[in-house]
Amino acid sequence: MFTFATAISFNVSSLMTCRFFAGFFAGAPIVSAGGVLADLWDPSFRGVAFAIYACFVANGASFGPVVSSLLTNSNSSVESWRITQWFCGLGQLVLFVLMYLFTEETFENKTLQKLVTWYRIKEDKWLLHTKADTVYLDFKGMLLLHVVRPFEMLSIPVVFTMALFASYVYGLFYLMITNISTAFELSRGWTGTITEVPNVSLFLGVVFGCIGNILWALKYLEIVRSNKGEAIPEQRFPIMMMLGWMMPVGIFVFGWTCDANIHWIVPCIGVSMIGAGFITIFQGCINYLVDSYPIHAASAIAANTFMRSAFAAIFPLFAKQLFVNLGVHWGSSLIGFVALGMIPIPFVLFVVGKKLRASHWDKLQG
Numbered sequence: 004m005f006t007f008a009t010a011i012s013f014n015v016s017s018l019m020t021c022r023f024f025a026g027f028f029a030g031a032p033i034v035s036a037g038g039v040l041a042d043l044w045d046p047s048f049r050g051v052a053f054a055i056y057a058c059f060v061a062n063g064a065s066f067g068p069v070v071s072s073l074l075t076n077s078n079s080s081v082e083s084w085r086i087t088q089w090f091c092g093l094g095q096l097v098l099f100v101l102m103y104l105f106t107e108e109t110f111e112n113k114t115l116q117k118l119v120t121w122y123r124i125k126e127d128k129w130l131l132h133t134k135a136d137t138v139y140l141d142f143k144g145m146l147l148l149h150v151v152r153p154f155e156m157l158s159i160p161v162v163f164t165m166a167l168f169a170s171y172v173y174g175l176f177y178l179m180i181t182n183i184s185t186a187f188e189l190s191r192g193w194t195g196t197i198t199e200v201p202n203v204s205l206f207l208g209v210v211f212g213c214i215g216n217i218l219w220a221l222k223y224l225e226i227v228r229s230n231k232g233e234a235i236p237e238q239r240f241p242i243m244m245m246l247g248w249m250m251p252v253g254i255f256v257f258g259w260t261c262d263a264n265i266h267w268i269v270p271c272i273g274v275s276m277i278g279a280g281f282i283t284i285f286q287g288c289i290n291y292l293v294d295s296y297p298i299h300a301a302s303a304i305a306a307n308t309f310m311r312s313a314f315a316a317i318f319p320l321f322a323k324q325l326f327v328n329l330g331v332h333w334g335s336s337l338i339g340f341v342a343l344g345m346i347p348i349p350f351v352l353f354v355v356g357k358k359l360r361a362s363h364w365d366k367l368q369g
């Protein structure tokens with residue numbers, strides 16, 4: 004609804020208001036998806052499911068700029084941007100209808116409550132009830148459960164650390180991808196839709212990273228089985244150690260090969276490396292939180308989503324000025340040096356993560 008409203012907004016104030024509420028309500032499926040996957044899959048196979056999910060999430064950023072450029076460049080009007088909002092709104096409407104018709108509740112407590120309610124009426128056994136039936140939530144209780152809890156979980160050291168790590172990487176990722184076209188425009192003189200095509204190489208990198216995640220998830224399956232079916236969250240970090248470095252290195256490769264004298268495929272390889280490193284860390288953070296807090300997975304992911312979305316919104320605001328003022332080489336290098344700080348984080352958390360989870364602040368576990 005608010006995406007359609009954005010398409011017909013008549014001034015900056017109405018546009019910003021509609022965009023705010025569109026983003027506000029669009030957060031629901033993002034934070035719910037992690038909880039749904041946690042409900043559907045046991046810890047041993049959950050990583051594979053999350054790899055496929057994360058691949059689709061990240062590749063929206065790969066193809067979005069290409070599609071929007073094709074839509075806007077097909078119309079010379081100064082208000083051609085409205086076409087992108089109509090396009091997104093229609094896509095969201097189709098997905099909403101499909102989800103409404105074909106998706107069901109996956110939370111075990113809720114499904115059990117519905118089953119017992121049906122059986123109680125059918126068999127006329129009114130003493131049957133579940134634990135969920137003994138809990139009544141008024142509006143204040145609903146607010147505390149669904150709005151306050153994610154922020155409360157940020158007080159847990161390991162949740163805050165993982166949210167900050169994911170946000171740091173997410174912000175750098177969006178800082179880069181929103182200005183890939185700017186870099187090719189400044190260094191090679193490309194114009195129009197062609198400047199967005201290098202984003203496709205991001206898709207290839209994300210796919211490569213997802214393959215790595217799936218292979219490690221299969222290895223993780225063996226680790227969980229050897230641990231009597233119990234998840235070991237810290238075993239989500241090795242794949243991040245192995246591939247996470249590709250993101251900062253890819254930024255340097257992209258920046259210093261984005262030159263008219265070097266074939267365009269070389270910086271595109273750097274972009275692919277950025278995608279591979281990013282998806283490895285992005286999915287690893289989600290997997291770690293879900294393994295650590297399976298019951299409160301949706302709240303943990305909501306806390307993570309809130310922080311990383313804020314970083315992703317803020318970081319791109321200064322990226323274009325960075326490239327214009329410092330040039331593509333040194334602008335990318337500055338981002339790359341900042342990104343280097345993420346390399347040791349998985350190694351540190353691999354060692355101290357269990358201690359963080361065992362902290363006395365960890366009061367929501369279970």
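Last residue of the sequence shown: 369 in the numbering used here, with the numbers rising by one and none dropped. A virtual CB, placed ideally from N, CA and C, is assigned to each residue, including glycine. Every value quoted in this text rests on a predicted model; they were computed, and no experiment measured them.
Could you have a look at residue i and say whether DSSP puts it in helix, strand or coil?
| i | result |
| --- | --- |
| Met4 | coil |
| Gly253 | helix |
| Gly344 | coil |
| Cys261 | coil |
| Pro236 | helix |
| Leu157 | coil |
| Thr75 | helix |
| Phe110 | coil |
| Val274 | helix |
| Asp127 | coil |
| Thr20 | helix |
| His299 | coil |
| Ile11 | coil |
| Pro201 | coil |
| Thr185 | helix |
Assuming the contact rule is C-beta atoms closer than 8 Å, residue i and residue j should be a hit. Round their C-beta distance to whole Å, please.
| i | j | result |
| --- | --- | --- |
| Leu248 | Ile346 | Sequence check: residue 248 is Trp here, not Leu. Right, their Cβ atoms sit about 5 Å apart. |
| Ala377 | Leu189 | Residue 377 falls outside the range modelled here, since the chain spans only 4 to 369, and no answer is possible. |
| Ile289 | Ala31 | Incorrect: roughly 17 Å between the Cβ atoms, too far for contact. |
| Ile282 | Gly212 | 4 Å |
| Ile254 | Ser335 | 6 Å |
| Ile180 | Leu205 | 6 Å |
| Leu292 | Val162 | 7 Å |
| Val172 | Met250 | 7 Å |
In whole angstroms, what separates the C-alpha of residue i from that of residue j?
| i | j | result |
| --- | --- | --- |
| His299 | Ala41 | 10 Å |
| Val15 | Ala36 | 32 Å |
| Ser295 | Pro236 | 6 Å |
| Ala313 | Leu337 | 21 Å |
| Gly192 | Ala263 | 9 Å |
| Ser12 | Val341 | 38 Å |
| Val60 | Ile86 | 22 Å |
| Trp267 | Val331 | 14 Å |
| Ile242 | Gly287 | 8 Å |
| Gln116 | Phe99 | 25 Å |
| Thr133 | Tyr122 | 12 Å |
| Met276 | Leu246 | 9 Å |
| Phe240 | Arg152 | 26 Å |
| Gly339 | Gly273 | 12 Å |
| Ala29 | Leu320 | 21 Å |
| Ala361 | Ala316 | 33 Å |
| Glu107 | Thr194 | 46 Å |
| Glu155 | Ser17 | 32 Å |
| Ser302 | Gly356 | 19 Å |
| Trp84 | Asp127 | 59 Å |
Between which residues of its own chain and residue i is the CB-CB distance below 7 Å, once the five residues before and five after are set aside?
| i | result |
| --- | --- |
| Thr6 | Ala25, Gln88, Cys91, Gly92, Gln95 |
| Ile226 | Ile235, Gln238 |
| Ala322 | Leu178, Thr181, Asn182 |
| Val252 | Met276 |
One question on the structure: do residue i and residue j come within less than 7 Å of each other, judged by their Cβ atoms?
| i | j | result |
| --- | --- | --- |
| Asn328 | Val209 | no |
| Cys297 | Glu199 | Looking at the sequence itself, residue 297 is Pro, so the reference to Cys does not match. Contact flag unset, no. |
| Asn202 | Ile214 | no |
| Phe285 | Pro270 | no |
| Asn216 | Ala54 | yes |
| Phe105 | Ile348 | no |
| Asn385 | Thr185 | The requested residue 385 does not occur in the structure, where the chain is confined to residues 4 to 369. |
| Val39 | Thr109 | yes |
| Met310 | Ala166 | yes |
| Phe350 | Met244 | yes |
Using a Cβ-Cβ cutoff of less than 8 Å, which residues in the same chain neighbour residue i once the five nearest sequence positions on both sides are dropped?
| i | result |
| --- | --- |
| Phe318 | Gly174, Leu175, Tyr177, Leu178 |
| Trp364 | Annotation note: pLDDT 47 at Trp364 (below 50); position unreliable, coordinate value reported separately. Cβ neighbours of Trp364 beyond the five flanking positions: Ser158, Ile159, Pro160. |
| Lys222 | none |
| Leu43 | Ala52, Thr109 |
| Arg22 | Phe5, Thr9 |
| Thr308 | Gly30, Ile33, Val34 |
Less than 6 Å between C-beta atoms, sequence neighbours within five positions excluded: which residues of the same chain meet that for residue i?
| i | result |
| --- | --- |
| Val51 | Ile217, Ala220 |
| Gln368 | Note that Gln368 has pLDDT 45, beneath the 50 cutoff, so the model's placement of it is unreliable and no number is given. |
| Val70 | none |
| Leu359 | Pro160, Val161 |
| Cys261 | Ala186, Ser190, Pro270, Val331 |
Can you confirm whether residue i, when its beta carbon is compared against all beta carbons of chain B, has any partner nearer than 7 Å?
| i | result |
| --- | --- |
| Gly278 | Looking at the structure shown, chain B is missing, and only one protein chain is on hand. |
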